[in-house]
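So the sequences go chain by chain: S and X. Under the working numbering, think of the first position of the first sequence as 5, with each following residue one higher. Under the working numbering, think of the first position of the second sequence as 5, with each following residue one higher. Glycine included, each C-beta is placed from N, C-alpha and C at the ideal position. Computed from a prediction, not measured in an experiment: that's the story for all the values here. Written out below as structure tokens is the structure these notes cover.
Protein chains: 2
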Amino acid sequence: MTAITWQSVQAEALRRIRSREWPPGGQIPHEADLAEELGCARATVNRALRDLAEAGLLERRRKAGTRVPLNPVRKATLDIPIIRQDVESRGQSYGYRLLARKTAPPPTDIAARLRLPSDARMIHILALHLANDTPFCLEDRWVNPVAVPEMAQADLSTISANEWLVQNAAFSAGDFAFGAIAAPRAIAEHLGCPENAPLFTVDRTTWAAALPITSVRLCYAPGHQMTAEI
Amino acid sequence: MTAITWQSVQAEALRRIRSREWPPGGQIPHEADLAEELGCARATVNRALRDLAEAGLLERRRKAGTRVPLNPVRKATLDIPIIRQDVESRGQSYGYRLLARKTAPPPTDIAARLRLPSDARMIHILALHLANDTPFCLEDRWVNPVAVPEMAQADLSTISANEWLVQNAAFSAGDFAFGAIAAPRAIAEHLGCPENAPLFTVDRTTWAAALPITSVRLCYAPGHQMTAEI
DNA sequence: TGGATTATTATGTACATACATATTAAACCT
DNA sequence: AGGTTTAATATGTATGTACATAATAATCCA
Numbered sequence: 005m006t007a008i009t010w011q012s013v014q015a016e017a018l019r020r021i022r023s024r025e026w027p028p029g030g031q032i033p034h035e036a037d038l039a040e041e042l043g044c045a046r047a048t049v050n051r052a053l054r055d056l057a058e059a060g061l062l063e064r065r066r067k068a069g070t071r072v073p074l075n076p077v078r079k080a081t082l083d084i085p086i087i088r089q090d091v092e093s094r095g096q097s098y099g100y101r102l103l104a105r106k107t108a109p110p111p112t113d114i115a116a117r118l119r120l121p122s123d124a125r126m127i128h129i130l131a132l133h134l135a136n137d138t139p140f141c142l143e144d145r146w147v148n149p150v151a152v153p154e155m156a157q158a159d160l161s162t163i164s165a166n167e168w169l170v171q172n173a174a175f176s177a178g179d180f181a182f183g184a185i186a187a188p189r190a191i192a193e194h195l196g197c198p199e200n201a202p203l204f205t206v207d208r209t210t211w212a213a214a215l216p217i218t219s220v221r222l223c224y225a226p227g228h229q230m231t232a233e234i
Numbered sequence: 005m006t007a008i009t010w011q012s013v014q015a016e017a018l019r020r021i022r023s024r025e026w027p028p029g030g031q032i033p034h035e036a037d038l039a040e041e042l043g044c045a046r047a048t049v050n051r052a053l054r055d056l057a058e059a060g061l062l063e064r065r066r067k068a069g070t071r072v073p074l075n076p077v078r079k080a081t082l083d084i085p086i087i088r089q090d091v092e093s094r095g096q097s098y099g100y101r102l103l104a105r106k107t108a109p110p111p112t113d114i115a116a117r118l119r120l121p122s123d124a125r126m127i128h129i130l131a132l133h134l135a136n137d138t139p140f141c142l143e144d145r146w147v148n149p150v151a152v153p154e155m156a157q158a159d160l161s162t163i164s165a166n167e168w169l170v171q172n173a174a175f176s177a178g179d180f181a182f183g184a185i186a187a188p189r190a191i192a193e194h195l196g197c198p199e200n201a202p203l204f205t206v207d208r209t210t211w212a213a214a215l216p217i218t219s220v221r222l223c224y225a226p227g228h229q230m231t232a233e234i
């Protein structure tokens, strides 16, 4: 009979943080004391508090102990599915059109972001993702063929570069930037929206260790929202 | 001498996933086997694999075992600091102006989102956050006074509602939505940007258990980007 | 055969113990 | 007093064991 779980310890810790029994900025008892008080092993307390620290609700440092941060930096978790799954999980039918694919030197900002020379040969892909046959998202992607040589043979008319890369490229790290732009003429035409319409954009760069794989900008149709939970 | 850490086990697992030694869609050896093979305790393997599963790189189910997902839904972690810290961490000076504060019934969409009757009395706050004395972000917030009665006495001219709530409201859950809008006249004037400029927006609703606390829309000045890493 | 019941099995968790590691506080020496 | 060394301490992690739990596979029975 083990009534005390690490979740119950975590719930009790949360309660104390919220009730200010453990005030913001203040130190909390150390693991051994809590374990004794709650009647469980230190490992159980450790698991509970470590988890809270990862969520930004506690700050822990060796020897210094554990404290409740004054201004907690909360962490939200964002799910990044492939676009097809994103559309399908909304209960809509997914469609895809490859608009262009060619080898060319990248624009300077892309080259700089990937730390490649601006005369490097890269694959440029332009594709449209559809939901219920209406434009959902425009994918403007540059791929480093050195990182994924197999891509030259890939048939990107049936599977999107987005999906192909998730399945075939071994990426280790990446960064995202979310923002908004006014739709330029060319993009507005593809998305079927007015020129200068406000578009939600996601810029994404991925790496395999130090080797740059791809940099992509996704322009979503007007009104699109991306959601996260905390 | 304990050379094997859960991090090293995790690194080895990652290597096998990336090298396709453990192919997408395939099952991997169970914990006991891996522990024996790598020469460590099962708990160590468990910690390593559990972490990878949380990041979306593995799928684990009791009895069914652990497998490499075909289309991994990667999880990105977003830091949500208070706006002042966001500005200051960019090396800019933070400024703040309370534009309006009054009690009023909420618009229907806000009421619906918070599951409150549309004739509820709520506190409406409009405030401008500045970076280096130029507009950074416009905060349009509705607060449920039932959830935070102390807010009636709060001096929101020196501390933003954003910061006050983080320090004083015991929130337990929340959701975010990121999007883009064309700046309406009123917002454009506050942000000092052209009307219809594309603005990055964050809509955020927070709860204390079942009790709605606040719903806020942050409109960032044109060009602003929010970043995340994976 | 089919539906319910019962093993079986892989992950999930708890615990006691031991040691590692980072950091602070104390002691020390010049 | 000030800088350096040393001790003390809280968290971090590894281990072996034991049992819990969920889900599948096997079995049984009508």
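In the DSSP assignment, the alpha helix (DSSP H) including Val91/S goes from what residue to what residue?
Ile87 to Ser93
Do Pro149/X and Met126/X have their beta-carbon atoms positioned less than 9 Å apart in this structure?
yes
Are the beta-carbon atoms belonging to Gln14/S and Asp55/S less than 9 Å from one another?
yes
Compare the beta carbon distance of Val72/X and Pro27/X with 9 Å and say whether it is the shorter of the two.
yes
Beta-carbon proximity list for Ser219/S, same chain, < 6 Å, skipping 5 on both sides:
Ile114, Arg117, Leu118, Trp146 and Thr209
With 9 Å as the threshold, decide whether the Cβ of Pro153/X is near any Cβ in chain S.
no
Tell me whether Ala36/X sits in a helix, a strand or coil according to DSSP, three-state version.
helix
Considering just the uninterrupted stretch of the alpha helix (DSSP H) at Arg22/S, what are its terminal residues?
Trp10 to Arg22
Counting only beta-carbon separations shorter than 9 Å, does Ala196/X have a partner in chain S?
Checking the sequence shown, residue 196/X turns out to be Gly, not Ala. For Gly196/X, the answer is no, since every Cβ of chain S falls outside 9 Å of its Cβ.
Strand pairing of Gly69/X, partner residues [DSSP]:
Arg65/X
From Asn75/S to Asp83/X, what does the alpha carbon distance come to, in whole angstroms?
12 Å
Quick check on Arg51/X: does DSSP put it in helix, strand or coil?
helix
Could you check if Glu25/X is buried or exposed, using at least 16 other CB atoms within 10 Å of its CB as the buried criterion?
exposed
Would you verify that the beta carbon of Gly43/S is, or is not, closer than 9 Å to some beta carbon of chain X?
no
Alpha-carbon to alpha-carbon, Glu41/X and Ala184/S:
50 Å
Per DSSP, Pro153/S forms a beta bridge with which residues?
Paired residue(s): none; Pro153/S is not in a bridge.
Can the beta-carbon of Ile86/S be found closer than 9 Å to that of Asn172/S?
no
Mind checking if Ser176/S is an interface residue toward chain X, Cβ cutoff 9 Å exclusive?
yes
Please state whether DSSP places His194/X in a helix, a strand or coil.
helix
Over the uninterrupted alpha helix (DSSP H) stretch that includes Glu233/S, give me the two end residues.
That residue, Glu233/S, is in no alpha helix (DSSP H); its beta strand (DSSP E) goes Met230 to Glu233.
Alpha carbons only, please: which of Thr70/X, Asn200/X and Val91/X is nearest the one belonging to Thr138/X?
Val91/X
How should Met5/X be labelled, buried or exposed, when 16 other C-beta atoms within 10 angstroms of its C-beta is the threshold for buried?
Confidence in Met5/X is poor, its pLDDT being 44 and thus under 50, which makes the residue's placement too unreliable to answer from.
Would you say His133/X faces chain S, with C-beta separation under 9 Å as the test?
no
State yes or no: is the beta carbon of Ile114/S nearer than 9 Å to at least one beta carbon in chain X?
no
CA-to-CA distance, Ala57/S to Ala57/X, given in whole angstroms
19 Å
Counting only beta-carbon atoms, is Ile84/X nearer than 9 Å to chain S?
yes
Please classify Asp123/X: is it buried, with 16 or more other beta-carbons within 10 angstroms of its beta-carbon, or exposed?
exposed
Assign Val147/S to one of three DSSP states: helix, strand, or coil.
strand
Identify the contact partners of Phe180/S in chain X, using a Cβ-Cβ distance below 9 Å as the criterion.
Ala80, Leu82, Met230, Thr231, Ala232, Glu233 and Ile234
Using a threshold of 9 Å, state whether the C-beta atoms of Ala177/X and Trp211/X are closer than that.
yes
Taking only beta-carbon atoms, is Gly99/S less than 9 Å away from chain X?
no
So with Cβ pairs under 9 Å, would you call Asp159/S a contact of chain X?
no
Got a sec? Which residues, its chain only, sit under 8 Å from Ser161/S by beta carbon, not counting five neighbours each side?
Leu102
Quick one: using the 10 Å Cβ neighbour count with 16 as the cut-off for buried, is Glu143/X buried or exposed?
buried
On the CB-based measure, 16 or more other CB atoms within 10 Å of its CB, does Pro110/S come out buried or exposed?
buried
Would you say Pro236/S faces chain X, with C-beta separation under 9 Å as the test?
The structure shown does not extend to residue 236/S, since chain S is modelled only from 5 through 234, so no value can be given for it.
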